[in-house]
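Worksheet: one structure, shown below.
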Amino acid sequence: MLIRFLFPLLPCLVLLYSQCVEAWEVTCPSFINITASKVALESVVPVPWQVSSRYEPRLWLDGIVLTQDKPEKRGDLKPETKKLKGKEWQVWDTTFNTGKESDKYWISCVYNSGQAWLSQPVPVSSKSCRAPYLKEPPREKAVSMVCE
Numbered sequence: 432m433l434i435r436f437l438f439p440l441l442p443c444l445v446l447l448y449s450q451c452v453e454a455w456e457v458t459c460p461s462f463i464n465i466t467a468s469k470v471a472l473e474s475v476v477p478v479p480w481q482v483s484s485r486y487e488p489r490l491w492l493d494g495i496v497l498t499q500d501k502p503e504k505r506g507d508l509k510p511e512t513k514k515l516k517g518k519e520w521q522v523w524d525t526t527f528n529t530g531k532e533s534d535k536y537w538i539s540c541v542y543n544s545g546q547a548w549l550s551q552p553v554p555v556s557s558k559s560c561r562a563p564y565l566k567e568p569p570r571e572k573a574v575s576m577v578c579e
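The following block contains the structure:
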């Protein structure tokens, strides 16, 4: 029974050891829920204007962004668009990651035109990352990024 389970994994373990070990995949949730969204103004609103809040409890995924350094530092990277196996992909080069905090790459799932970002660092060992090319926001579909 154990041999039957391990046999399909053998080619991966023997022939492609480095690729199997180094691949890292993260999936962005298709939506996130928030409890409240409040606008804080820096100054008084001119008369006759008044603040109106249009609270949206569910924020939908718009896409994936890769940044160098933390996303709040705004180091957004522009991907190359490549065709792989008949499908269009966004591909980012992540070879400049030295492990220093300012050199780290971060993947971010972006919701409602940047209203919220879910972010996490990309492993230092990654040399490139790819995600499906999105012609429009995915709505109701999760999107994954793979880094190798």
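Note that the working numbering has the sequence shown beginning at 432, numbered continuously upward. All C-beta atoms in this analysis are idealised placements derived from N, C-alpha and C, irrespective of residue type, glycine included.
Please determine if the stretch 550-567 and the stretch 475-484 are in contact, where contact requires at least 3 C-beta pairs separated by less than 8 Å.
no
Between S461 and Q546, what straight-line distance do the alpha-carbon atoms span, to the nearest angstrom?
Numbered from 1 along the sequence shown, position 30 holds the residue referred to as residue 461. Numbered from 1 along the sequence shown, position 115 holds the residue referred to as residue 546. Going from the Cα of S461 to the Cα of Q546 covers about 15 Å.
Give the single residue among V555, K509, R570 whose Cα lies nearest to the Cα of A454.
The residue you call residue 454 lines up with position 23 of the sequence shown. Per the Cα distances, V555.
Determine, using beta carbons only, whether L497 and I538 come nearer to each other than 7 Å.
Within the sequence shown, the letter at position 66 stands for residue 497. Within the sequence shown, the letter at position 107 stands for residue 538. Contact: yes.
With a threshold of 8 Å, are at least 3 pairs of Cβ atoms found where one atom belongs to the stretch 521-539 and the other to the stretch 500-512?
In short, these stretches touch, since the Cβ pair count reaches three.
Would you call the CB atoms of C598 and L508 closer than 7 Å?
The displayed coordinates of the chain run from 432 to 579. Any statement about residue 598 would go beyond what the structure contains.
When you compare only the Cα positions, how much space is there between V476 and I465?
As a working note, residue 476 is residue 45 in the sequence shown. As a working note, residue 465 is residue 34 in the sequence shown. If you draw a straight line from the Cα of V476 to the Cα of I465, it is about 26 Å long.
Rounded to the nearest angstrom, what separates A471 and T525 at their Cα positions?
On the sequence shown, position 40 is the one that residue 471 refers to. On the sequence shown, position 94 is the one that residue 525 refers to. For A471 and T525, the distance between alpha carbons rounds to 37 Å.
Along the chain, where does the beta strand (DSSP E) containing K514 start, and where does it finish?
Along the sequence shown, one-based indexing puts residue 514 at 83. Its beta strand (DSSP E) spans residues 511-515.
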